[in-house]
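S.K.:
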Amino acid sequence: MALALTAALPATAAVSADSAVASPRAATVHEAESATVSRGAVESNHTGFTGDGFVNYDNVQGSYVQWTVSATQAGSSALTLRFANGTATNRPMDITVNGAVASSGRAFPGTGAWTNWNTTTLNVNLKAGANIIRATATTSNGGPNVDHISLETSGGPTGDTPAAVNGQLKVCGTKLCNRYGKPIQLRGMSSHGTQWYSQCLTGGSLDALAKDWHADVLRVSTYVQEGGYESDPRRFTDLAHSLIEQATARGLYVIVDWHQLTPGDPHYNLSRARTFFTEIAQRHGSKTNLLYEIANEPNGVSWSNIKSYAEQLIPVIRQQDPETPILVGTRAWSSLGVSDGSNENEITANPVNATNILYTFHFYASSHRDEYLNTLSRAADKLPVFVTEFGSQNSAGEGANDFTMTKRYIDLMAAKKISWVNWNFSDDERSGAVFKPGTCNANGPWTGTAQLKPAGAWIRDQIRTPDDFPTS
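Using our numbering, read the sequence shown as starting at 4 and increasing by one per residue.
(1) Considering only the beta carbon of each residue, do residue 140 and residue 190 sit closer than 8 Å?
(2) Beta-carbon within less than 6 Å of residue 473's beta-carbon, same chain only, minus the 5 sequence neighbours each way: which residues are those?
(3) Could you check what DSSP says for residue 159 in three-state terms: helix, strand or coil?
(4) If you reduce the DSSP assignment to three classes, tell me which class residue 454 lands in.
(5) Roughly how many angstroms separate the alpha carbons of residue 115 and residue 362, rounded to a whole number?
(6) Flag this pair as yes or no: are the beta carbons of residue 356 and residue 328 separated by less than 8 Å?
(7) Grouping DSSP H, G and I as helix and E and B as strand, with all else coil, what is residue 482?
(8) Pick from 453, 122, 280: whose alpha carbon is nearest that of residue 316?
(9) Helix, strand or coil for residue 22 per DSSP?
(10) Do you know offhand how far residue 158's Cα is from residue 196's?
(11) Considering only residues of the stretch 358-424, which uninterrupted alpha helix (DSSP H) runs meet the minimum length of 4 residues and lie entirely inside it, listed in chain order?
(12) Apply the 10 Å Cβ neighbour rule to residue 147 and answer buried if 16 or more other Cβ atoms are within range, or exposed otherwise.
(13) On the criterion of 16 or more Cβ atoms from any shown chain inside 10 Å, does residue 123 qualify as buried, or is it exposed?
(14) Sorted by chain position, which residues of the same chain lie with C-beta nearer than 6 Å to residue 375's C-beta, five sequence neighbours on each side aside?
(15) Can you tell me which of 289, 290, 32, 268 puts its alpha carbon nearest to the alpha carbon of residue 297?
(16) So, with DSSP's three-state summary, where would you put residue 168?
(17) For residue 211, name the three-state secondary structure that DSSP assigns.
(18) Is the separation between the beta-carbon of residue 113 and that of residue 244 shorter than 8 Å?
(19) Tell me the DSSP secondary structure of residue 203 in three-state form.
(20) Would you mind sorting residue 464 into buried or exposed? The rule is 16 or more other CB atoms within 10 Å of its CB.
(21) Assuming residue 126 is part of the beta strand (DSSP E), what are its boundary residues?
(22) Where does residue 300 land, buried or exposed, given buried means 16+ other C-beta within 10 angstroms?
(23) With distances taken between CB atoms, is the gap from residue 1 to residue 154 smaller than 8 Å?
(24) Specify, as a first and last residue, the run of the beta strand (DSSP E) that residue 140 falls within.
(25) Please go through the same chain and pick out, in chain order, the residues whose beta-carbon is closer than 7 Å to the beta-carbon of residue 25, but skip the five residues on each side of it.
(26) Going by other Cβ atoms of all chains shown within 10 Å of its Cβ, with 16 needed for buried, is residue 318 buried or exposed?
(27) Leaving aside the five residues before and after residue 483 along the sequence, list all residues of the same chain whose C-beta is less than 7 Å from its C-beta, in chain order.
(28) Which stretch, first to last residue, makes up the alpha helix (DSSP H) that contains residue 308?
(29) Are there 16 or more other CB atoms within 10 angstroms of the CB of residue 143, so buried, or fewer, so exposed?
(30) Which first and last residues belong to the alpha helix (DSSP H) in which residue 243 is found?
(31) Identify every residue that forms a DSSP beta bridge with residue 229.
(32) Use the C-beta contact count for residue 135: other C-beta atoms within 10 angstroms, 16 or more gives buried, fewer gives exposed.
(33) Closest to residue 57 by CA distance: which of 401, 410, 228, 152 is it?
(34) Could you pull out every residue in the same chain whose Cβ sits closer than 7 Å to the Cβ of residue 62, ignoring the five residues on either side in sequence?
(35) Reducing DSSP to helix, strand and coil, say where residue 187 ends up.
(36) Hey, how far is the Cα of residue 227 from the Cα of residue 332?
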């Protein structure tokens with residue numbers, strides 16, 4: 004997490020080949036477990052699902068899941084169904100809309116495992132008002148496990164969520180720009196390590212982050228060591244998949260954070276990073292609400308070493324996803340080198356040989372004073388910068404809050420359109436965790452401020468101020 008030497012302690016699927024329509028960009032998600040189920044059961048024993056579970060069809064012809072969805076106006080919509088089939092046998096289904104067959108005997112082939120989730124997309128016609136969508140098994144094998152359906156109008160992203168308004172992001176000059184080519188600032192929260200605090204990332208807490216906090220972005224922190232990815236790659240990749248889908252369903256941007264920290268040399272985890280980001284980009288690369296953070300806090304290594312790592316990993320990601328912006332960690336715990344006595348000049352003199360990238364900066368206001376603030380200010384005039392982690396406390400994310408110094412950073416970042424995420428959206432014992440201890444195990448409450456520590460209430464107020472997302 005922080006610029007100190009210690010951290011705060013306490014599954015493979017690709018889009019189905021028949022999907023001619025890109026993955027939903029700002030679609031409305033309808034979970035299967037909330038639908039009407041005939042001859043099937045809601046279960047949660049296979050990881051990677053969104054929401055609270057999925058539907059396991061009975062092995063009988065005619066079993067179905069039926070959703071009632073509302074459309075504000077009549078027209079065409081892209082319907083995407085997310086499924087898993089752990090057998091080698093196709094489990095076809097009829098997809099009907101208001102009793103009319105939209106797709107007869109649509110194929111749902113094996114996905115390799117029940118924890119591998121694929122999608123298939125078709126265009127359907129909806130009427131204004133309520134619509135009945137049903138997925139019915141056509142053979143005695145029943146249907147696949149169904150996670151959810153999502154609907155997106157053919158005109159593109161709809162709604163007023165951050166991801167719907169801004170669409171695909173890209174780096175333009177020294178700024179992060181939306182699909183209209185306008186500089187924007189994203190503001191949001193970072194998770195704690197998912198090996199410790201996944202219980203803080205629930206449907207309720209993510210709803211609160213999107214709707215009560217009015218956040219724009221969630222950073223999903225997959226630690227590599229310290230009981231994280233290295234210990235169980237499948238588990239933590241699947242968890243990342245699930246959180247990406249859940250944040251996407253709420254219209255949030257997602258930073259996929261490869262939380263390399265100890266050891267500090269990113270080359271140590273290069274092979275693991277290639278595997279992880281290849282799968283993430285294969286499955287989610289068609290989404291327009293992602294950013295890839297490829298090395299959280301390099302430390303104890305030179306800038307040239309970090310640059311070498313980035314130039315080996317970025318092409319691997321680009322083979323799967325040519326468009327998503329990539330965030331590159333900087334020297335000395337992503338301090339742009341300041342914590343090692345350097346500054347941004349080492350990057351401007353020897354930038355990473357890649358396009359559509361930003362450089363990361365982390366600060367903890369109680370420890371990192373004017374030298375850090377001034378470096379961030381100078382760097383943002385020369386380089387595209389994203390503050391992917393900060394706190395109002397000391398460099399371990401604990402101790403007294405210095406909101407006065409933090410506000411100086413907040414004001415600078417607003418003036419220069421520097422996007423940021425705060426550390427961290429959990430209930431650990433440190434003062435930098437937003438929730439009071441015990442909140443997550445009690446499953447909330449998530450909205451309002453009663454359950455928040457002072458740092459949580461303060462940063463919620465900063466996030467809740469109106470966004471400025473220009474569209475013309």
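Backbone N, C-alpha and C fix where the C-beta goes; we use that ideal spot for every residue, glycine too. Remember, predicted model here, so these are calculated numbers, not experimental data.
M.R.: Put simply:
(1) Against a cut-off of 8 Å, the Cβ pair of residue 190 and residue 140 comes out as no contact.
(2) 185
(3) Any reading at residue 159 must be qualified, since the residue scores a pLDDT of 35, below 50, and its modelled position is unreliable; the value itself is stated next. Of the three classes helix, strand and coil, the one that applies to residue 159 here is coil, per DSSP.
(4) Residue state, collapsed to three classes: coil.
(5) 37 Å
(6) no
(7) Here the chain comprises residues numbered 4 to 475, so residue 482 is not present and cannot be evaluated.
(8) Of the listed residues, the one whose Cα sits closest to residue 316 is 280.
(9) Unreliable positioning characterises residue 22 in this predicted model, as indicated by a pLDDT of 30, which lies under 50. The coordinate reading is nonetheless provided below. Three-state result, residue 22: coil.
(10) Here the model assigns residue 158 a pLDDT of 36, short of 50, so the residue's position is not dependable and the matter cannot be decided.
(11) Listed in chain order, the complete alpha helix (DSSP H) runs (minimum 4 residues) inside the stretch 358-424 are 373-383, 406-418.
(12) buried
(13) buried
(14) 341, 366
(15) Looking only at 289, 290, 32, 268, the smallest Cα-Cα distance to residue 297 is reached by 268.
(16) helix
(17) helix
(18) no
(19) Of the three classes helix, strand and coil, the one that applies to residue 203 here is helix, per DSSP.
(20) exposed
(21) Unbroken beta strand (DSSP E) run through residue 126: 121-129.
(22) buried
(23) The shown model of the chain, from 4 to 475, leaves out residue 1, and the question about it has no answer.
(24) Residue 140 -> beta strand (DSSP E) spans 132-140.
(25) Since pLDDT at residue 25 reaches only 33, below the 50 mark, its modelled position is unreliable, and the value read off the structure follows with that caveat. 289.
(26) exposed
(27) An answer regarding residue 483 cannot be provided, because it is not within the stretch 4 to 475 covered by the chain.
(28) Element bounds for residue 308: 306-323.
(29) By the neighbour-count criterion, in which 16 or more other beta carbons inside 10 Å mark a residue as buried, residue 143 falls on the exposed side.
(30) 236-252
(31) For residue 229, which the question treats as bridged, DSSP gives no partner whatsoever.
(32) exposed
(33) Of the candidates 401, 410, 228, 152, the one whose C-alpha sits nearest the C-alpha of residue 57 is 152.
(34) So the list reads 143, 144, 145, once near-sequence residues are dropped.
(35) Taken through DSSP and simplified to helix, strand or coil, residue 187 comes out as coil.
(36) 15 Å
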